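According to my numbering, numbering within the sequence shown proceeds without interruption in unit steps and concludes at 210. Note that the Cβ used here is the ideal one computed from N, Cα and C, for glycine as well. None of these values were measured; they are calculated from a predicted model.
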Amino acid sequence: MSSTELTITPPADPVPAAELAARFPGAIILPFDGIWPKIDASCYVAPGAVVVGQVEIGPESSIWYGCVLRGDVNHIHIGRGTNLQDGTIVHVSRLAHPTLIGDDVTIGHRAMIHACTLMSGAFVGMSATVLDGAVVEGGAIVGAGALVGNDKRVTTGELWGGVPAKKLRDLGEEGMPRLAATARHYSGLAASHQEIAREVLGSTVVPVS
């Protein structure tokens, strides 16, 4: 798969709307204009996370504590094995842009993702902001606290940082496996947190396999 192509694995086994509360106890999952989120049964949505409207989340992805995904005026699509860490906000643009997040993407704590595209294997650091129309390619890093402006493109093998964000340097090849390892780590960690939610908040949760 090319790092300049967008692959979003859709939910293979979406949880029926009537079962969302039981599957993801403590999470707030709501429809908007009659449209419910489609979340794969293998996902982890943490207690306190909010998912609204036109949101699709692919297999084995994790939405952590305090995240808000609001697909009201456009849609949000998230692929397989992606992690949105605690406090991340994802929204869309009514006129132009949905938010598209590929497979195996890592988004750090308290990031702001707005009406942009994160390709498979992209990495967005803690408290970073990515704005309307921007694209972060696979194997690229947006550093912690960076602000990627409208319609900017962060290409494969680049590290961007600062406000406004600009290219700081090229990444060495040794950094690429680390990006993939972070995504895999969060997939495993999600299973442990899912089990805790099952034990404390309700026995109806099916653990992540």
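Backbone secondary structure at residue i - three-state DSSP
i: Leu-160; result: strand
i: Ala-112; result: coil
i: His-98; result: coil
i: Ser-188; result: helix
i: Thr-118; result: strand
i: Arg-154; result: strand
i: Ser-62; result: coil
i: Thr-183; result: helix
i: Leu-70; result: strand
i: Ile-197; result: helix
i: Leu-85; result: strand
i: Leu-172; result: coil
i: Leu-148; result: strand
Best match in the options for proximity to residue i [C-alpha to C-alpha]
i: Arg-185; options: Asp-14, Pro-48, Glu-61 and Asp-34; result: Glu-61
i: Val-53; options: Val-46, Trp-37 and Ala-42; result: Trp-37
i: Glu-196; options: Val-46, Ala-18, Pro-17 and Thr-10; result: Val-46
i: Ala-145; options: Ala-116, Asn-151, Leu-202 and Arg-111; result: Arg-111
i: His-98; options: Gly-49, Ile-142 and Asn-151; result: Asn-151
i: Thr-107; options: Gly-67, Val-164 and Leu-180; result: Leu-180
i: Glu-138; options: Ser-63, Ala-123 and Ala-129; result: Ala-123
i: Pro-17; options: Leu-31, Val-93, Arg-199 and Thr-183; result: Leu-31
i: Cys-117; options: Ala-192, Pro-15, Leu-172 and Leu-101; result: Leu-101
i: Gly-163; options: Val-136, Val-131 and Ala-182; result: Val-131
i: Glu-149; options: Gln-86, Asp-133 and Leu-7; result: In the sequence on display, residue 149 carries Val and not Glu. Answer by Cα proximity: Asp-133.
i: Ala-105; options: Ile-9, Lys-167 and Pro-15; result: Reading the sequence as shown, one finds Asp at residue 105 and not Ala. Nearest C-alpha to Asp-105: Ile-9.
i: Val-93; options: Asn-75, Ala-147 and Arg-170; result: Asn-75
i: His-78; options: Met-113, Leu-119 and Gly-49; result: Leu-119
i: Ile-90; options: Arg-81, Val-136, Val-143 and Gly-67; result: Gly-67
i: Thr-183; options: His-115, Cys-44, Ala-50 and Gly-109; result: Gly-109
i: Asp-14; options: Gly-49, Glu-57 and Ala-50; result: Glu-57
i: Gln-55; options: Pro-48, Val-69 and Phe-33; result: Phe-33
Buried versus exposed, by CB contacts within 10 Å (16 or more), residue i
i: Lys-39; result: buried
i: Ser-188; result: buried
i: Ser-193; result: exposed
i: Gly-35; result: exposed
i: Val-201; result: exposed
i: Ala-129; result: buried
i: Gly-82; result: buried
i: Leu-96; result: exposed
Distance, residue j Cα to residue i Cα
i: Glu-159; j: Gly-59; result: 27 angstroms
i: Leu-190; j: Glu-20; result: 23 angstroms
i: Pro-12; j: Lys-153; result: 29 angstroms
i: Gly-27; j: Gly-173; result: 41 angstroms
i: Ala-22; j: Ile-64; result: 15 angstroms
i: Asp-41; j: Asn-84; result: 14 angstroms
i: Val-51; j: Arg-24; result: 14 angstroms
Minimum Cβ-Cβ distance from residue i to chain B less than 8 angstroms
i: Ala-182; result: In the displayed structure, chain B is absent; only one protein chain is listed.
* Those runs of the alpha helix (DSSP H) which lie wholly inside the segment 14-59 and span at least 4 residues -> The segment 14-59 is shown to contain whole alpha helix (DSSP H) runs of 4 or more residues at 21-24, in chain order.
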